[in-house]
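**Q**
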Amino acid sequence: MTDFSHVARVYFIVVDVYIEGIMAPFFRNLGISYSIFILSFCGKEMEYEIPTLFAKGYQVENSFPIQEILIRSRVVRGSRKNEYSLVFDSKYKNQLLAYKPSKIQLNLPYLNAPSFFVSITYKDAQILSSFHFPEGWIDSAELDGYFYIKNSQGWSVPINVIYSPLGENQYVIKLSNGRVSTLQVNVIEVANDQAIIMGKLEKGDILISSRQSEMIDGMTVKVNL
1 MTDFSHVARV YFIVVDVYIE GIMAPFFRNL GISYSIFILS FCGKEMEYEI
51 PTLFAKGYQV ENSFPIQEIL IRSRVVRGSR KNEYSLVFDS KYKNQLLAYK
101 PSKIQLNLPY LNAPSFFVSI TYKDAQILSS FHFPEGWIDS AELDGYFYIK
151 NSQGWSVPIN VIYSPLGENQ YVIKLSNGRV STLQVNVIEV ANDQAIIMGK
201 LEKGDILISS RQSEMIDGMT VKVNL
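In terms of this note's numbering, the sequence shown opens at residue 1 and continues consecutively.
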């Protein structure tokens, strides 16, 4: 019987030389090209930008000085005799936390009754107020009051430029150089479709009045005033 083992060895040697010497550069180049394609594809993904959004806007114009901020509080009986504390809803709580007055002046709900002052302290996001008053005079009453601030300016704007105007986190979205950013504000008063706000605004600033929930800081937006 003919021995073909030496022929097989020669054949495998030739194939091995062919792959290593001739085909290896091809596969190596193919691998490099594939890697370049993957990297370029990833680069395109990383360079992808959020498309421009179109929205309505309002240009800030009317401002006026504010020296007094009105608030409303509810009286809650304390654990001790003639001891009371005040509870504020989110709107007035935000105003107090923003300016942190040490005292507020409250009006009694009686004709020709004198006003009185209540001291306010702050602990984290809590407002603490404890005071004594003759029993039965203000049980469960809702009292109007106010506190004073200095060198502050208010702005009259449409209510639709304020995101969550009656909620705890009140802010507007401001357009600068074609991009938007959020700005915290305090809503002082709301009447019909207008609001008075306080915040770091200037005359001529543009505020977004539609599609606010679709926006993130830095997004490119085109506005129709």
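Beta carbons are placed, not taken as given, at the ideal position from N, Cα and C, and that holds for glycine.
For V161, which of helix, strand or coil comes out of DSSP?
**A** helix
**Q** If you draw a straight line from the C-alpha of Q95 to the C-alpha of S129, how long is it?
**A** 15 Å
**Q** Measure from the alpha carbon of S63 to the alpha carbon of each residue in S73, S164, P114 and A195, then state which is nearest.
**A** A195
**Q** Within the same chain, show all residues whose beta-carbon is closer than 6 Å to that of V76, passing over the 5 residues directly before and after it, in chain order.
**A** S85 and V87
**Q** Using a Cβ-Cβ cut-off of 8 Å (strictly less than) and excluding sequence neighbours within five positions of V60, which residues of its own chain qualify?
**A** W155, V157, L201, E202, K203, G204, D205, I206 and L207, listed in sequence order.
**Q** Using the Cα positions of T121 and I104, report the straight-line distance between them to the nearest angstrom.
**A** 11 Å
**Q** Would you say M215 and V172 are within 7 Å of each other, going by their C-beta atoms?
**A** If you check the CB distance, M215 and V172 do not come in under 7 Å.
**Q** What number of angstroms, rounded off, separates the C-alpha of K93 from the C-alpha of N224?
**A** Within the model, the alpha-carbon separation for K93 versus N224 is close to 34 Å.
**Q** In three-state terms, what does DSSP make of K222?
**A** strand
**Q** Give a yes or no on whether the C-beta atoms belonging to A141 and P114 are separated by under 7 Å.
**A** no
**Q** Run through DSSP, which three-state label would A98 get?
**A** In the structure shown, A98 sits in a helix (DSSP, three-state: H, G or I).
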